[in-house]
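First up is the structure itself, then whatever we jot down about it.
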Amino acid sequence: MPDTSDITPHPTAPAPAAPPAPCPRPARRVALDPQGPVLVEGPVEIVLDDGTVARSDRFMVAVCTCRRSRTYPWCDTSHRARERKQPAPHEKRKP
Ligand code: FES
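Taken in order, the sequence shown gives residues 12 to 106; the numbers are from this note's numbering.
Okay, here's the thing in structure tokens:
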């Protein structure tokens, strides 16, 4: 491969783009729970399918990703699997 370190750009070539300036707003922090909601630092506004906006001013907002919540778009922990109790040995049915 030829050494190109001493090649100067053509005088009519556009100047290289400046690196992007840092965004003045702080980044919104989001945590992903693979079994449950997305946790977003609030306040949060969610645009729903029908165009309405749901807003939460909580410090940390759990956004439902499973769509089982009765308070959608907010997580109400309905995503948690309900564990069935194993029947006690004396409760087992006989065929
Ligand atoms: S993610 Fe918790 S109810 Fe949907």
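From the three backbone atoms N, C-alpha and C, an ideal C-beta is built for every residue, glycine too.
Residue i to residue j, Cα distance in whole Å?
i	j	result
GLY53	PRO27	38 Å
HIS90	ALA38	28 Å
ALA24	ARG69	52 Å
PRO84	ASP17	58 Å
GLY62	ARG79	20 Å
Assuming residue i is part of the beta strand (DSSP E), what are its boundary residues?
i	result
LEU43	41-43
ALA7	Any question about residue 7 goes unanswered here, given that the chain covers just 12 to 106.
ARG67	Note that residue 67 is Ser in the sequence shown here, rather than Arg. Element bounds for SER67: 64-67.
ILE18	Careful: ILE18 lies outside any beta strand (DSSP E) and carries neither H nor E.
Looking at the strands, I want to know which residues DSSP matches up with residue i.
i	result
ALA73	LEU50
ARG78	Bridge partners of ARG78: none, in fact.
Taking the Cβ atom as the reference point for each residue, do residue i and residue j lie within a distance shorter than 8 Å?
i	j	result
VAL41	LEU50	yes
VAL74	PRO48	yes
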